[in-house]
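In case it helps, UniProt numbering puts the sequence shown at residues 1 to 492.
For each residue, glycine too, the CB sits at the ideal point set by N, CA and C.
Data first, discussion second: the structure below is written as structure tokens.
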Amino acid sequence: MGPSIAGEAKRALSLRQGGGSEALAFDAASDWEVAMDAGTTGERGTDGSATGRGRRRWLSSVAPGWWLVGGALAVTTVLWGAGRAAMPNGEPFLSWLGPSLLISAWSITLMAVLLLATTRSRSIEPLFGGLDRAVRLHRRLGPLAIGLMLVHVALYVPPAVEAGGSVAGLLVPFWSSHMVEGFNALILWVVIAWTALAYSRRLRYEAWLSLHGLLGPIFLLTSAHALSAGPTITAYEPLRFWMWILVLVGAASWLYRVVLYRWIAPRFRYAVRAVDRRSDDAVDLVLRPQSRRMIYEPGTFVFVNRPRRSRRELHPFSISSSPAERDLRVSVRMVGDFTRDLPSLAPGDPVEVFGPFGGFTPHRYAHHRRLVWIGAGIGITPFLGMLRFETTNDDFRRIWLWYVARDASHAPYDGEIREIVPKADSYVDYELWLSGERGRLTASRVMETVQPLDDVAVMLCGSPGFVRDMARQFAALGLPPERIIAEDFHFH
1 MGPSIAGEAK RALSLRQGGG SEALAFDAAS DWEVAMDAGT TGERGTDGSA TGRGRRRWLS
61 SVAPGWWLVG GALAVTTVLW GAGRAAMPNG EPFLSWLGPS LLISAWSITL MAVLLLATTR
121 SRSIEPLFGG LDRAVRLHRR LGPLAIGLML VHVALYVPPA VEAGGSVAGL LVPFWSSHMV
181 EGFNALILWV VIAWTALAYS RRLRYEAWLS LHGLLGPIFL LTSAHALSAG PTITAYEPLR
241 FWMWILVLVG AASWLYRVVL YRWIAPRFRY AVRAVDRRSD DAVDLVLRPQ SRRMIYEPGT
301 FVFVNRPRRS RRELHPFSIS SSPAERDLRV SVRMVGDFTR DLPSLAPGDP VEVFGPFGGF
361 TPHRYAHHRR LVWIGAGIGI TPFLGMLRFE TTNDDFRRIW LWYVARDASH APYDGEIREI
421 VPKADSYVDY ELWLSGERGR LTASRVMETV QPLDDVAVML CGSPGFVRDM ARQFAALGLP
481 PERIIAEDFH FH
């Protein structure tokens, strides 16, 4: 590792924390959240009251993406209400048709924001607090957006029954003699089938990615229906203009993400330097830059593509190297076709790297001097990069690192961690927790070592179930939500 590389990384990272002009190199972290964290370190509110502190605490616990969703829904609701009131002979608001049309507008609004959230653009991800948070927002609100669409259809059933019409015409594809109704029913069942598959936890990454690519066409079809047939939208110009903005944002986001991204997105060209098999199901890829070197924060992740493969697939992997190192290392758990094929890579093979992304970085906690890092299984990998950076950053923190694994054979990075810990500038207390011998790790057990809670921030990484359970436990112990940052290894 040359001193110029280490100096470059440390200078860029210090500028990132200080808000210098070169902070643009680190779009992946959320400046909004860093600022909010700064307001929750014991400083009093502007009114000097506990209420002021509580208000800042609540604000800092809400990811920026939720504010964006709430704002978009508020604009849609206000404009729809104004349009409804301006209609001279429209249906009463509380009739079956009124709520159905509003719910349809909400569904389109949510889908537009969610498509924007997953564009993988480093210029856009700060709006959501990092791509990792944007994806979590997508996972939580995607089913809601589809569910609202189904409720919109369901609210048409009672009027059809009252009028003596055919309910089957609304729900069974092409049952009705009207082509439009038959086509709408077909779309309804396509959406139901898509939702059941797209949010299945048993899908392989490749299948999940393909299914989520279909959200764009679903969005465009439902939007076209609403823009052409929605009476409030067609009658009220401001609402129609707003809905067109949403449609264009959603369509452009989908087009960039699914069709254009792998061809025009910014990327870094690397070549394989080494492939290190760490265990039966874990492998490290060590990559050397071929031109520009990617600058990143420890704990972030990248998308990796192998140009020579017939299918141009992009897969997300956590960075396990330090920003001060020349080579980029990603650590991978082999669970699918793409990852199981990684050991076949040879030195010199080209690799494209897209990123960095995510806000899972200790720099979001720059004002906290005591950190708890807990990595379960392959979830230890982002902490490897953080720990390596601690050997070069000339900073001092008190860090407790817990590596959770079933047994010693499932802890391939234990030796590496023990080698790095004595070299860290910070004081690191490391413990390997073998759950097969000692049972599940609990927040109470962790805090027995870490007490007191004052100024402690916790970072969690692992399976979704592990992360959710530990986050709830720490919250139950009184740790404020803005001091719990989590990343689960679900699909990016």
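Notebook entry, point to check: Quick one, are the C-beta atoms of Val272 and Leu285 less than 8 Å apart?
Noted result: Within the sequence shown, the letter at position 272 stands for residue 272. Within the sequence shown, the letter at position 285 stands for residue 285. In this structure, Leu285 lies closer than 8 Å to Val272 by Cβ.
Next item on the list: Measure the Cβ-Cβ separation of Trp254 and Leu144 and say whether it is below 8 Å.
Entry: Here residue 254 refers to the residue found at position 254 when the sequence shown is read from its first residue. Here residue 144 refers to the residue found at position 144 when the sequence shown is read from its first residue. Contact: no.
Next item on the list: Whole angstroms is fine: what's the gap from Leu345's alpha carbon to Arg472's?
Entry: What you label residue 345 is simply residue 345 of the sequence shown in a count that begins at 1. What you label residue 472 is simply residue 472 of the sequence shown in a count that begins at 1. One C-alpha to the other measures close to 41 Å.
Notebook entry, point to check: Hey, out of Gly299, Ser321, Ala475 and Met111, whose CA is closest to Leu221's CA?
Noted result: Numbered from its first residue, the sequence shown carries residue 221 at position 221. Answer by Cα proximity: Met111.
Next item on the list: Work out the CA separation of Ser223 and Phe354 for me, nearest whole Å.
Entry: What you label residue 354 is simply residue 354 of the sequence shown in a count that begins at 1. What you label residue 223 is simply residue 223 of the sequence shown in a count that begins at 1. For Phe354 and Ser223, the distance between alpha carbons rounds to 31 Å.
Next item on the list: Might you give, ordered along the chain, the residues of its own chain that have their beta carbon closer than 7 Å to the beta carbon of Ile420, omitting 5 neighbours on each side?
Entry: The residue given as residue 420 occupies position 420 in the sequence shown. Cβ neighbours of Ile420 beyond the five flanking positions: Leu387, Arg388 and Thr391.
Checklist line | Terminal residues of the alpha helix (DSSP H) in which Pro143 lies | finding: On the sequence shown, residue 143 is found 143 positions in, with the first residue counted as 1. Note, Pro143: alpha helix (DSSP H), Leu131 to Ala154.
Next item on the list: Return the chain-ordered list of same chain residues with a C-beta closer than 8 Å to the C-beta of Leu24, the five sequence neighbours on each side being excluded.
Entry: On the sequence shown, residue 24 is found 24 positions in, with the first residue counted as 1. Residue placement at Leu24 is poorly supported in this model, since its pLDDT is 26, which falls under 50; the coordinates are not used for a value here.
Notebook entry, point to check: To which residues of the same chain is Leu441 closer than 7 Å at the C-beta, ignoring the five residues directly before and after it?
Noted result: Counted from its first residue, the sequence shown places residue 441 at position 441. The answer, listed in chain order, is Trp402, Val404, Trp433 and Ser435.
Next item on the list: Just confirm the distance between the C-beta atoms of Met459 and Ile417, as a whole number of angstroms; I'd bet it's less than 8 Å.
Entry: As a first step, residue 459 is located in the sequence shown; it is residue number 459 there, counting from the start. As a first step, residue 417 is located in the sequence shown; it is residue number 417 there, counting from the start. With a Cβ gap of about 15 Å, Met459 and Ile417 do not count as contacting.
Next item on the list: Look up Ala82 in the DSSP assignment and say whether it is helix, strand or coil.
Entry: Here the question's residue 82 lines up with position 82 in the sequence shown. It is helical.
Checklist line | Distance between Phe396 and His367 (C-alpha atoms, nearest Å) | finding: In the sequence shown, counting from the first residue as 1, residue 367 sits at position 367. In the sequence shown, counting from the first residue as 1, residue 396 sits at position 396. Cα to Cα, His367 sits roughly 12 Å from Phe396.
Next item on the list: Flag this pair as yes or no: are the beta carbons of Ser318 and Thr381 separated by less than 8 Å?
Entry: Looking up residue 318 in the sequence shown gives position 318. Looking up residue 381 in the sequence shown gives position 381. For Ser318 and Thr381, yes; Cβs fall inside 8 Å.
Next item on the list: Starting from the Cα of Phe466, find the closest Cα among Glu487, Asp455 and Gly213 and give me that residue.
Entry: Against the sequence shown, residue 466 aligns to sequence position 466. Distances from the CA of Phe466 to each of Glu487, Asp455 and Gly213 were compared; the closest alpha carbon is that of Glu487.
Item checked: Given Val302 as reference, the closest of Glu325, Asp337, Asp469 and Pro266 once Cα atoms are compared -> For the purposes of this step, residue 302 is taken as residue 302 along the sequence shown, with counting starting at 1. Nearest of Glu325, Asp337, Asp469 and Pro266 to Val302, Cα basis: Pro266.
Note to self: Taking 8 Å as the threshold (beta carbon to beta carbon), is Asp337 in contact with chain D?
What the structure shows: Protein chains in the displayed structure number just one, and chain D is not present.
Item checked: Validate contact between the segment 441-457 and the segment 368-375 using beta carbons, cut 8 Å, 3 pairs -> yes
Margin query: Threshold first: 3 residues or longer. Then list the beta strand (DSSP E) segments lying entirely within the segment 344-401, N to C.
Written below: 350-357 and 370-376
Item checked: Under the three-state DSSP convention, the category Arg257 falls into -> What you label residue 257 is simply residue 257 of the sequence shown in a count that begins at 1. Helix.
Check: Do you know how far the Cα of Gly81 is from the Cα of Ala105?
Finding: Locating residue 105 in the sequence shown gives position 105, counting from the first residue. Locating residue 81 in the sequence shown gives position 81, counting from the first residue. Answer to the nearest angstrom: the Cα atoms are 11 Å apart.
Notebook entry, point to check: Roughly how many whole angstroms lie between the Cα atoms of Leu215 and Pro298?
Noted result: Taking the first residue of the sequence shown as position 1, residue 215 is located at position 215. Taking the first residue of the sequence shown as position 1, residue 298 is located at position 298. Going from the Cα of Leu215 to the Cα of Pro298 covers about 32 Å.
Check: alpha helix (DSSP H) containing Leu215: first to last residue?
Finding: Taking the sequence shown and counting its residues from 1, the one referred to as residue 215 is at position 215. Residues Leu215 to Ala229.
Notebook entry, point to check: Thr118: which of Ile146, Ala252 and Val157 sits nearest, CA to CA?
Noted result: Position 118 of the sequence shown, counting from 1, holds the residue named residue 118. Looking only at Ile146, Ala252 and Val157, the smallest Cα-Cα distance to Thr118 is reached by Ala252.
Notebook entry, point to check: Does the distance from the C-beta atom of Pro343 to that of Arg277 stay below 8 Å?
Noted result: Locating residue 343 in the sequence shown gives position 343, counting from the first residue. Locating residue 277 in the sequence shown gives position 277, counting from the first residue. With contacts defined by Cβ atoms closer than 8 Å, Pro343 and Arg277 form a contacting pair.
Next item on the list: For Asp429, name the three-state secondary structure that DSSP assigns.
Entry: Residue numbering aside, residue 429 sits at position 429 when the sequence shown is read from its first letter. Here Asp429 sits in strand by DSSP.
Item checked: Supposed close pair Gly385, Gly462 - CB separation, criterion 8 Å -> By 1-based counting over the sequence shown, the position of residue 385 is 385. By 1-based counting over the sequence shown, the position of residue 462 is 462. No, Gly385 and Gly462 are not in contact; Cβ-Cβ is about 16 Å, not under 8 Å.
Item checked: Glu313 in three-state terms, based on DSSP -> What you label residue 313 is simply residue 313 of the sequence shown in a count that begins at 1. It is coil, neither helix nor strand.
Item checked: Val258 to Leu248 span [Cα, whole Å] -> For the purposes of this step, residue 258 is identified with residue 258 of the sequence shown, where counting begins at 1. For the purposes of this step, residue 248 is identified with residue 248 of the sequence shown, where counting begins at 1. Straight-line Cα distance between these residues: approximately 15 Å.
Check: The beta strand (DSSP E) with Leu441 in it runs from where to where?
Finding: Taking the first residue of the sequence shown as position 1, residue 441 is located at position 441. Run containing Leu441: none; DSSP gives neither H nor E here.
Margin query: Would residue 496 and Leu287 be called neighbours here (beta carbons separated by less than 8 Å)?
Written below: Residue 496 cannot be examined here, being either before or after the span of the chain that is shown, 1 to 492.
Next item on the list: Check the DSSP bridge columns for Ile245 and list the partner residues they point to.
Entry: Stepping through the sequence shown from its first residue, residue 245 is reached at position 245. Beta-bridge annotation (DSSP): Ile245 is not paired with any residue.
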